[in-house]
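Note sheet for the following structure.
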Amino acid sequence: TVLSAFADGVLVLTLNRPDKLNAFNEDMHLALRTGFERAHNDAAVRAVLLTGSGRGFCAGQDLSDRDPRKGGAAPDLGGTIEQFYNPLIRLIRTLDKPVVCAVNGVAAGAGANIALACDITLAARSARFIQAFAKIGLVPDSGGTWSLPRLLGEARAKALALTAEPLDAETAAGWGLIWKTVDDAALLDEATALATKLAAGPTTGLGMTKRAIQAAATNSLDEQLELERDLQREAGRSADYAEGVAAFLDKRKPEFKGR
Ligand code: LHQ
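All residue numbers for the sequence shown refer to my numbering, where the first residue is 1464 and numbers rise by one.
Given below as structure tokens:
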């Protein structure tokens, strides 16, 4: 349900239930979690690339898993969120390495918000983002109610969430919801090149940069200035800082080790 490949420091995780537009069932959740846990624990992994196989990126929760017409007690959706979606979003946000997301096609429901939780999100020009929740009486999850207003402001966040209208990738990029759009045929190459470049970077410093920018969401300026001071102190002790400065002075390309 998730293809996993490792090359040049990049762990590529490909959602792989193309017949269902890569909607999440439990197996896919567990496989994706295993992938992100590996990224956390394996120092050789210095960037992650998340994408989907087939014509969709991810259609959110697999709704055929929980057909209400089959009767029985209403499922505890809070339990599903607690068990699967929330841990996934935390794994992505707390990973001290860059996560690139290549949205190869439609991203709906939780699928859209997982893409928004990644650090750098590129999308195929034909992709669409849909806060599909309102269509079935649900509330945006996977951090959507947090990321949408931060990335877009309340006006656009509310309109997208309340109407569930699809947002085309070009508009999403223009609004600052994602980093950029790429021609469909070039998406995977471009996203792989970006992830590979990041994986050859000063991983410790990049991880701290990610942490600092995320902390700004809740910090005051004073708290943020202090955080920057502390992180810079730590970064200044890294081998990659010494290498970066030496390479600059030698007028050569740095060879970062990620430490
Ligand atoms: C699907 C799905 C799908 C199953 C396409 N499930 N089969 C959290 C906690 C617990 C429970 C509930 O949810 C959540 C969070 C959520 O993510 S809620 C939001 C769930 N997702 C949706 O509501 C999106 C449902 N899908 C759609 O609206 C459309 O499929 C989109 C707009 C994504 C794509 O439309 P089309 O390009 O027209 O493709 P399609 O609808 O024909 O889909 C292709 C196939 O994939 C089709 O199967 P079939 O056997 O007919 O070929 C769909 O049934 C299947 N599929 N999404 N979420």
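Ideal placement from N, C-alpha and C gives every residue a C-beta, glycine not left out.
Item                                                                                                                                                       : Value
Please state if the CB of T1644 and the CB of A1632 are separated by a distance shorter than 8 Å.                                                          : yes
Report the rounded CA-to-CA distance for A1679 versus L1688, giving the unit in angstroms.                                                                 : 10 Å
Based on DSSP bridge pairs, tell me the residues matched to R1591.                                                                                         : D1631
Which value, in whole angstroms, describes the spacing of the CA atoms of I1641 and D1604?                                                                 : 18 Å
If I measure Cβ to Cβ from V1475 and keep anything under 6 Å in the same chain, skipping five residues before and after, which residues do I get?          : A1468, L1512
With a threshold of 7 Å (Cβ to nearest heavy atom), would F1596 be considered close to the ligand LHQ?                                                     : yes
Excluding five sequence neighbours on each side, which residues of the same chain lie with their C-beta closer than 7 Å to the C-beta of D1525?            : K1483, A1486, F1487, N1488
Can you say whether G1616 is buried or exposed, counting buried as having 16 or more other CB atoms within 10 angstroms of its CB?                         : exposed
Leaving out five residues before and five after I1676 in sequence, what residues of the same chain have Cβ atoms less than 8 Å from its Cβ?                : none
Kindly give me the distance between the Cβ atoms of L1495 and V1465, rounded to whole angstroms, as I take these residues to be in contact under 8 Å.      : 5 Å
I'd like to confirm something about D1647: is its beta-carbon nearer than 7 Å to some heavy atom of the ligand LHQ, or not?                                : no
If we call anything under 8 Å between Cβ atoms a contact, is I1555 one with A1580?                                                                         : yes
DSSP state of F1520, grouped into three classes?                                                                                                           : strand
Once DSSP output is grouped into helix, strand and coil, what is the label at T1644?                                                                       : strand
Sorted by chain position, which residues of the same chain lie with C-beta nearer than 6 Å to G1517's C-beta, five sequence neighbours on each side aside? : P1481
Give the range of the beta strand (DSSP E) segment to which L1474 is assigned.                                                                             : 1473-1478
Just to confirm the assignment, what range does the beta strand (DSSP E) spanning S1467 have?                                                              : 1465-1470
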